[in-house]
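The structure appears below as structure tokens.
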Amino acid sequence: MTPATSASRASLFTPVLIGGSLILLINFALRASFGVFQIPIAQEFGWPRAEFSLAIAIQNLAWGIGQPIFGALGERWGDRWSIIIGAFLYSAGLILTAFATTPEAMQLLEIIVGFGVAGTGFGVILAVIGRAASDENRSLALGLATAAGSAGQVFGAPLAEGLLAFYPWQTVFIIFGIIVLTCLLFLPMLGGGKPASRHELEESLGSVLKRAFTDPSYLMIFAGFFSCGYQLAFITAHFPAMITEMCGPINPMGTLASLGITTTSALGAVAISLIGLANIAGAIFAGWLGKRYTKKYLLAGIYTLRTIAAAAFILMPITPTSVIIFSLVMGGLWLATVPLTSGLVAHIYGLRYMGTLYGFVFLSHQLGSFLGVWLGGKMYDAYGDYTLVWWVGVGVGAFSAIIHLPVREAPARLATA
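Just so it is clear: in the sequence shown, position 18 is 211 by our numbering, and no numbers are missing.
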């Protein structure tokens with residue numbers, strides 16, 4: 194190993210990257226498990242599928258609304274405050290949800306959970322990592338951090354499924370509420386994080402936002418990320434239940450049964466885990482590609498492949514084999530959009546207000562998430578399965594593939610006030 198190689202690796206794997214990645218791992222392990230609770234909660238209370246779906250949809254919307262708020266808070270007062278507030282909101286929301294007995298109460302409490310996810314999620318953490326990374330390593334660092342979120346998804350849904358075998362769902366929510374506070378243990382690794390001065394914020398934040406929202410490229414990035422949110426949130430919230438009800442039976446003498454996966458319900462939880470596992474490689478590879486190739490074309494390619502994979506899956510009979518293949522393919526493309534989209538925002542508009550600017554783009558993602566989760570439950574109750582809402586996801590995926598092509602991928606000169 195040459196000295197240059199050692200220096201490059203040392204500058205990539207910084208305490209900031211490691212600490213931020215661990216926070217994202219915890220955040221996404223818990224968030225990715227919510228789909229596992231669809232059937233237990235509906236069965237206990239006799240609610241239509243749309244009720245808990247709306248709760249998750251509201252959580253995703255609150256996450257999106259909170260993202261630019263926490264991004265601006267981090268840039269004004271320091272990233273640590275965003276993470277601390279987010280962790281306590283996340284924990285409180287989960288614990289209080291355990292005591293909800295009406296759909297309205299659960300839906301209201303998911304607003305708190307959503308804001309907690311925002312304070313400990315991509316918008317804040319990727320901005321911290323992006324500012325700390327060198328220009329050469331930034332895209333790959335963002336990919337590694339995104340992969341850490343996927344690593345959480347690998348065991349989040351199976352952990353929830355395993356705990357539900359021994360505890361009621363209320364107890365599992367309380368356990369998760371305690372686990373999320375472990376995020377705070379990694380704050381010292383993120384460094385001091387100097388916030389922008391009052392003069393800097395008053396001088397230029399409004400100008401930066403005004404210029405971005407009148408830039409067609411920013412608006413196209415904003416609109417394109419909607420599809421990502423729709424597809425990911427729908428699958429996270431509904432895919433376990435969809436597999437439970439629509440997948441063909443598991444061969445009791447087959448490989449899955451020998452691994453202990455004997456029901457389609459267990460396969461649903463494993464599918465979410467496989468998506469997360471495949472995306473560890475997918476996110477890192479996307480981050481690596483992002484430092485070498487044009488990000489907008491990479492994004493268009495990812496959305497095209499997602500569209501093809503989703504269409505092929507629903508057109509063929511749903512079997513355990515097709516579920517596994519689809520999970521691995523979709524997993525490779527799952528969060529590959531995140532390092533590319535966040536890196537594109539940083540490349541065009543700079544690092545200073547990356548948290549706020551990416552936060553607004555992420556709001557579009559969460560608007561898509563809200564629609565994907567809510568529409569999934571609504572259409573299920575209306576038609577008895579998920580086929581129609583799945584095809585809507587295929588359509589929005591194709592839209593995102595097209596809308597990224599005209600983006601002008603060049604640094605913008607943002608005037609200050």
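Beta carbons are placed, not taken as given, at the ideal position from N, Cα and C, and that holds for glycine.
Assigned with DSSP and collapsed to three states, ARG331 falls in helix. Rounded to whole angstroms, the separation of the alpha carbons of PRO241 and PHE563 is 17 Å. Using a Cβ-Cβ distance cut-off of 8 Å, the segment 441-461 and the segment 505-516 are in contact, since at least three pairs of beta carbons, one from each stretch, lie closer than that value. In the three-state DSSP reduction, MET413 falls in the helix class (H, G or I). Annotation: the continuous alpha helix (DSSP H) that includes TRP481 extends over 457-483.
Along the segment 269-305, the alpha helix (DSSP H) occurs as fully enclosed runs of 4 or more residues at 272-290, listed in sequence order. Between the alpha carbons of LEU470 and SER226 lies a distance of about 14 Å. When the Cα atoms are used, TRP584 and ALA505 turn out to be separated by approximately 11 Å. With respect to the C-alpha of TYR579, the residue from ILE495, ALA503, LEU598 and PHE221 having the closest C-alpha is ALA503. If you check the CB distance, LEU319 and GLY417 do not come in under 8 Å. Taking each of GLY323, ASP574, ALA603 and SER451 in turn and checking the Cα distance to VAL531, the smallest one comes out for GLY323. The three-state reading of DSSP puts PHE519 in helix, counting H, G and I together.
Judged by DSSP secondary structure, ALA222 falls within the alpha helix (DSSP H) whose first and last residues are 208-224.
Considering only ALA243, SER204 and ASN220, the residue with the shortest C-alpha distance to ALA575 is ALA243. Under the criterion of beta carbons closer than 8 Å, LYS488 and GLY536 qualify as touching, at roughly 6 Å. Proximity of the segment 204-212 to the segment 325-341 meets the contact definition, three or more beta-carbon pairs being nearer than 8 Å. In the three-state scheme derived from DSSP, where H, G and I count as helix and E and B as strand, HIS540 is classed as helix.
The DSSP-derived three-state label of HIS597 is coil. Following the DSSP letters along the chain, one finds LEU568 inside the alpha helix (DSSP H) bounded by residues 547-576. By the CB criterion at 8 Å, TYR490 and ALA594 fall outside the cutoff. About 6 Å separates the beta carbons of GLY524 and LEU467, which is inside the 8 Å limit, making them a contact pair. Note that the C-beta distance between LEU266 and GLY286 is not below 8 Å. Of the residues assessed, LEU568 falls on the buried side of the cut-off, its CB having 16 or more other CB atoms within 10 angstroms.
Ranking TYR551, PRO599 and TRP362 by CA distance to the CA of ILE232 puts TRP362 first.
Its Cα nearest to that of GLN424, the residue ALA591 stands out among ILE219, LEU402 and ALA591. By the criterion of a C-beta distance shorter than 6 Å, ALA539 is surrounded in its chain by GLY323 and MET547, once the five residues flanking it on both sides are discounted.
Using a Cβ-Cβ distance cut-off of 8 Å, the segment 328-342 and the segment 553-562 are not in contact, since fewer than three pairs of beta carbons, one from each stretch, lie closer than that value. For ARG273, the CB contacts under 6 Å within the same chain, skipping 5 residues up- and downstream, are LEU380 in chain order.
Sequence-distant partners of ILE368 (beyond 5 residues in either direction) whose C-beta falls short of 8 Å from its own C-beta, in its chain, are LEU356 and TYR360.
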